[in-house]
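Protein chains in written order, with the numbering used here: chain G, 1 to 306; chain C, 1 to 306; chain E, 1 to 306; chain P, 1 to 306; chain V, 1 to 306.
Note that CB positions come from ideal geometry on N, CA and C, so glycine has one too.
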Amino acid sequence: MIVRPPVNWLRLLFVWRGSVLPAILPQLLLMLFVSTVALETGGRIAGAKLPLDTAAFPLLGVSLAIFLAFRNNASYQRFTEARLCWGQLLIAARALTSQAISCFAAQPAALNQALFQRRLIAVVYALKHQLRGTDPMPELAGLLDAPELALLRGRSFLPVALLDAVRQMLVQAALRPPARGEVLMVLDRQVNALGAAVGACERISSTPIPYGYGVLLHRTVYLYCFLLPFGLVDAIGVATPLITVFVAYTFFALEAIAEQVAEPFGTAPNCLALNALTRQIERSVCEQYGVPMPAALQPDAGFRID
Amino acid sequence: MIVRPPVNWLRLLFVWRGSVLPAILPQLLLMLFVSTVALETGGRIAGAKLPLDTAAFPLLGVSLAIFLAFRNNASYQRFTEARLCWGQLLIAARALTSQAISCFAAQPAALNQALFQRRLIAVVYALKHQLRGTDPMPELAGLLDAPELALLRGRSFLPVALLDAVRQMLVQAALRPPARGEVLMVLDRQVNALGAAVGACERISSTPIPYGYGVLLHRTVYLYCFLLPFGLVDAIGVATPLITVFVAYTFFALEAIAEQVAEPFGTAPNCLALNALTRQIERSVCEQYGVPMPAALQPDAGFRID
Amino acid sequence: MIVRPPVNWLRLLFVWRGSVLPAILPQLLLMLFVSTVALETGGRIAGAKLPLDTAAFPLLGVSLAIFLAFRNNASYQRFTEARLCWGQLLIAARALTSQAISCFAAQPAALNQALFQRRLIAVVYALKHQLRGTDPMPELAGLLDAPELALLRGRSFLPVALLDAVRQMLVQAALRPPARGEVLMVLDRQVNALGAAVGACERISSTPIPYGYGVLLHRTVYLYCFLLPFGLVDAIGVATPLITVFVAYTFFALEAIAEQVAEPFGTAPNCLALNALTRQIERSVCEQYGVPMPAALQPDAGFRID
Amino acid sequence: MIVRPPVNWLRLLFVWRGSVLPAILPQLLLMLFVSTVALETGGRIAGAKLPLDTAAFPLLGVSLAIFLAFRNNASYQRFTEARLCWGQLLIAARALTSQAISCFAAQPAALNQALFQRRLIAVVYALKHQLRGTDPMPELAGLLDAPELALLRGRSFLPVALLDAVRQMLVQAALRPPARGEVLMVLDRQVNALGAAVGACERISSTPIPYGYGVLLHRTVYLYCFLLPFGLVDAIGVATPLITVFVAYTFFALEAIAEQVAEPFGTAPNCLALNALTRQIERSVCEQYGVPMPAALQPDAGFRID
Amino acid sequence: MIVRPPVNWLRLLFVWRGSVLPAILPQLLLMLFVSTVALETGGRIAGAKLPLDTAAFPLLGVSLAIFLAFRNNASYQRFTEARLCWGQLLIAARALTSQAISCFAAQPAALNQALFQRRLIAVVYALKHQLRGTDPMPELAGLLDAPELALLRGRSFLPVALLDAVRQMLVQAALRPPARGEVLMVLDRQVNALGAAVGACERISSTPIPYGYGVLLHRTVYLYCFLLPFGLVDAIGVATPLITVFVAYTFFALEAIAEQVAEPFGTAPNCLALNALTRQIERSVCEQYGVPMPAALQPDAGFRID
């Protein structure tokens, strides 16, 4: 995620960091080359004039608009879904912490609060690593003791295993007299909210936007852009490369951003900052327990935070 | 579902597997033929000039854009709905498993955990087969014993019958002292979540997008494409077949993808990978119980997973 | 609802049943007449040339696109809402059945299961008839006995009355020792889900899309279509009637489908098949109780099912 | 709300009641005047030709389409939100009534059912008056006795005060042995559903669409329409006033409807019929209690119901 | 937020307060300058003609429409999300107040109602200050006593800390015999609703719209507007500055409003009026308790309320 203090409208035109321009530069240079060739040859390919005119392009514009708008909306919807899941993690982790503290305030023996707190945070860390395909063990080693870690090694669904351990602690405590049965229900609901967020994150990862859409959009955009200079050259002459590259920039850039946003758990600049979100949940739970909390993550020199 | 490692932008232009091109090739060849005829005859039909010009097509573009965008969005919404249902199945199956393990940990006699686990997985398998219209018995035979299978044979709503059996086990266990009544509520909620996902999947199957939309879109797209070369030929001459086929490709391909996506439980390349999702749920529940779990499904050589 | 096996792309162009063409044929013939007149007179009205050209129409296209897209989306949203309500009816009826069977399995005297089952099904039938404005008594007579029917006659909110009776039975059974209080909550939630679906269906009927939208769209579409041939005749000559009727077809047909879909409980070809959905709920509840179930409804010769 | 029996397509073109034409007539006449002047002067202002041509307008069309579509969708979303709130009121009022009758059937002394019923209906009436800014006292006087009315006079949040009184009665009854504690939860949920609907209605009133949008749209529409005749006059001559007024009608009318729909609790023709909805809730609750119910509201001669 | 009584359509054209015109005036003047230069030079840059014509702009219009519509919708969605959160705060605060009063009516010793009330209101104030980045202590000092304030000073998640304190009071009271366990559940649900609203507000702040979108839109809009006069000058001559500035106004203004709306907790004119909403919640809770309530906030002379 790019977190950048607002810049004025003029500087924003020339921003490099946070822009997707670097990622699409090769294709744009290619378009510059193609349109210059079209300009030089007067729109001829191997000596034969390709008699396109600007009237042909709005016909393609209908499809292009639908594909681009759909692709972008579907991608952003996935980003929003991911945002909601991580918001739910924060909300449920806090509620569960608050309930565990309040409900067992009079029964200190019922629940090992310190262990519960560390396992709860471990759920979030494990989920982050599962979604990013990274190794959770180094970070979990700071939260769980060695025997527990050993048991978890090799698990395919690590956040689920940790959440099950959290539930087990809470159910045991809640079913132990003189605790009231209602405490079970109250806690169970939040554990389920955590489980729902975990499952929803996996769902985002395991059901991408159908592949056919991407192929169709990609082909349409590129073919359109390759034909464009041949359609423009008779009408706007030397301005052809300028307009062609500008049009191509808008399409390629949108495709590039949409691709990043559609996999919101990645590490591209426009993905969610899972590390920061994980840290925020940890910090909040720590503060609720009144234990020292780690510092919040800060953006790096490139205004990135991941 | 197509699961393909990212390819670079150039190769993506020529991807065959995962594209809908094969499915619409005949129609595209027909369009190539029609537009070549229009080019040869200079836009004449039986000797009479069809005096269309490009100005007529944007008038049709309004309708076409609305129909295509609507059709595609409505289809994708059904795909999303289906994704959410299967996500809910995963979430609820895990939560129920975790609850059943925790809540009856101190009462091993109350619930036959092994039977419960197999029935729970059987619900998901039965749903998959119902949605795909395939025979569930071979796969269920690995989960349930013969007498139970015999009772289920011929059932119209097999997942419901299995879920009722799951509920019966849980209610009996939860109402049996010294279990607390709250356990009933906690379990009941997750059983209902499973039932809701089952019913929602049936709803997707039983209420398709109203038939009239498909007919209207289909006719508009085809008539538009057939007229197009006659409108273009005077303006762009030899480029007519190129542009016509390109425009037709974008429309036909979107219609084809939307058709696949609208029936998300089918087996077309852009449908949901129900087999993989079912297996994922089975694997997760098995891991929660600590029993050996089957391997995850892998994409085949054509990058498909179903 | 039209349920038609897939036909190939060519036959789909000439489908009659399931298309809205019959409903808009008179208006299309009128458009054919108007455009032929415009062609014959060269765009003159009473001898005076109406100097429209094609440039004027895209200006209207903006409004037209917004009105058509909005109207269609708002209509389809109502259709979707209705789908969800009937899905919820199915889900809640099943869950309630399953709960009633499980929770009172050990207390056969607490609940008259046969009566409960028939009343539950009667709720759904009563709702269907209320939404369609038909007489529920013939169908209810097969489910309820004469004294109960007599009490219900003349009720304005029949499904509510039946649902209240269902609730009364369940609350009595759940509050009767030794039943646990939690059973009350578990059942109450599903009764409320049924009530919510009933209320939501009434809401769809009682709050139509604001009338002004329909008038505005209708006027814009018709005025546009009447002016169109005068704008086209100079540019495309003899092709004017073809294009005019084609454009008019797309607008009139979309308006016609949207009108059907906006009242999803009607009996037009693109409405929901309430009879089939009602029967499906009945069949599922019957199968859960293990009693003989009626046959599923089948589409008629015209591929319709209502 | 306009409730009008369907009229045929021809009559619908000339409908006056239910159309927003009356509200925008002055502006349309002004546009007729402006475009006639432009026609007479050949597009000159103070002798100087304003050299607009039709090519300039599609550039503005992009913004206009986005503003109009957004404004309309945001407005309709508020209308939909309001519909859902009133649907929820109906659903929750019925469920609460049904629960209160069933749960206290065996404890007639626990709850004064008649008082409860009148207070419940009073909540809905009070909400209606709060939303419309009218005086609730006359209608409440028919439901509540004088001392209670006196206490309520001057309250800023009258529906909340009444709902609190409803809750108080129910909590007292539910906490009074031998009532089971679960009854409290069951009732509390529906009281909260009513409170949520009340709060959501206030939210609609207190957070309008940001003011800037309306100003921006308004200016764009009017400036566009004022410039339009100068752009059209060279191309379409005497048809300029016709097309200008037609285009202006579509924009002004959409803006006018969207304005009405955005404040769904108002009394304009396209707002919600709060009186009818309130009456419907009252009727349903009365029927549930088996007491005489008032007649349903009917549309007046102008097909309006408010 | 701008709360302005309706003005007639003519005055609305010239509204200054509530319009974003002041914020974009510099850029508009620049566009006026650029387009005047283009007019004077006949579209030449450094003596060389930039041969753009109007046909090139619709090609860019596709991207522009998608970017603007997306940006605006995504921004408004965040505004709506924020509205819903604050609506939920109001609803949950009222419900909790009402429950606390009713449930402990017979046990005055269980809960310190006055302290509870002040802490509940403090949660809302603390949230407002956290979202706006302002110092909460001055306002909290009127609600909480000094020792409690001292404990809260330096907290990173102040609303969470206060909500935890609220929960603690309620759980203690609810677990204290003879209170019924169900009271715990009833209260817990509303505390969680408050916590969910707090977390959702933080989510809005911590996950902005991906940065890349803003950069892409900004560049496209400005480059388009700078090129526009060169494309228009041959076609519309002296009208070029008028149309250029008009087009630029619509784009810049939409970008400016969308930017304000996307950060709904800010203090720009189109943000949410958090002070007014906070006060409304305070007033409602005070009225429920029957204690004197502060006056509602009123718009200032510029029709603003924040």
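Taking the Cα positions, I281 of chain C is about 21 Å away from N270 of chain C. Considering only C:P229, C:F230, C:G231, C:A235, the residue with the shortest C-alpha distance to G231 of chain G is C:A235. The stretch 86–103 of chain V makes contact with the stretch 157–172 of chain P, as at least three CB pairs between them are under 8 Å.
Nearest in C-alpha terms to R180 of chain E, of all of E:K49, E:C103, E:M1, is E:C103. Annotation for V198 of chain V: L127, P159, V160, L163 place their beta carbon closer than 7 Å to its own, counting only its chain and skipping 5 residues before and after.
Taking the Cα of L297 of chain E as reference, the smallest distance to any Cα among E:R78, E:R279, E:Y289 is reached at E:R279. As the crow flies, the alpha-carbon of L272 of chain V is around 19 Å from that of L216 of chain P.
At the C-beta level, I257 of chain G and V20 of chain G come within 8 Å of one another. Here the stretch 237–245 of chain V does not lie against the stretch 6–24 of chain V, with fewer than 3 beta-carbon pairs under 8 Å apart.
Annotation: P177 of chain E is outside any alpha helix (DSSP H) and is labelled neither H nor E by DSSP. The beta carbon of P178 of chain G sits no closer than 8 Å to any beta carbon of chain C. For the stretch 30–118 of chain G, the continuous alpha helix (DSSP H) assignments of 4+ residues that do not extend past its boundaries occur at 56–103, in sequence order. Contact annotation, R94 of chain C with S284 of chain C: C-beta distance approximately 6 Å; criterion of less than 8 Å satisfied. Look at P58 of chain V: its C-beta is under 8 Å from a C-beta on chain P. Closest by C-alpha distance to R83 of chain P, out of E:W86, E:S206, E:G133, is E:S206.
Here the C-alpha atom of A150 of chain C lies approximately 22 Å from the C-alpha atom of P294 of chain E.
Nearest neighbour of F252 of chain E by Cα position, chosen from E:M31, E:D306, E:G47, turns out to be E:M31. For a Cβ distance threshold of 7 Å, residue set V215, H218 of chain V lies close to L12 of chain G, ordered along the chain. For E287 of chain P, the enclosing alpha helix (DSSP H) stretches over residues 274–289.
By DSSP's assignment, I2 of chain E forms a beta bridge with E:R304. Close partners of E259 of chain C in chain G (Cβ separation under 9 Å) are lacking, with about 11 Å as the shortest Cβ gap. For V15 of chain V, there is no enclosing alpha helix (DSSP H), as DSSP gives it neither H nor E. Put simply, the stretch 86–93 of chain V touches the stretch 181–194 of chain V. At least three CB pairs are less than 8 Å apart. The Cβ-Cβ distance between L68 of chain G and H218 of chain V does not fall below 8 Å. Contact annotation: R167 of chain C and G87 of chain E have beta-carbon atoms that are not nearer than 8 Å. When beta bridges are read from the DSSP output, S19 of chain C appears opposite C:R17. In summary, no residue of the stretch 89–110 of chain V has a CB separated from any CB of chain G by less than 9 Å. The stretch 138–147 of chain C makes no contact with the stretch 71–80 of chain E; the number of CB pairs closer than 8 Å stays below 3. Between the alpha carbons of V238 of chain E and A38 of chain E lies a gap of roughly 10 Å.
At a cut-off of 8 Å between beta carbons, T54 of chain P contacts chain E.
R167 of chain C has a beta carbon lying at 8 Å or more from every beta carbon in chain G. If only uninterrupted alpha helix (DSSP H) runs of at least 4 residues are considered, those enclosed by the stretch 164–211 of chain V are 181–206.
Close CB contacts of R176 of chain E within its chain, under the 7 Å cut and outside five residues either way in sequence, are with A110 (chain order). Membership of T244 of chain C in the alpha helix (DSSP H) is indicated by the continuous run 240–262.
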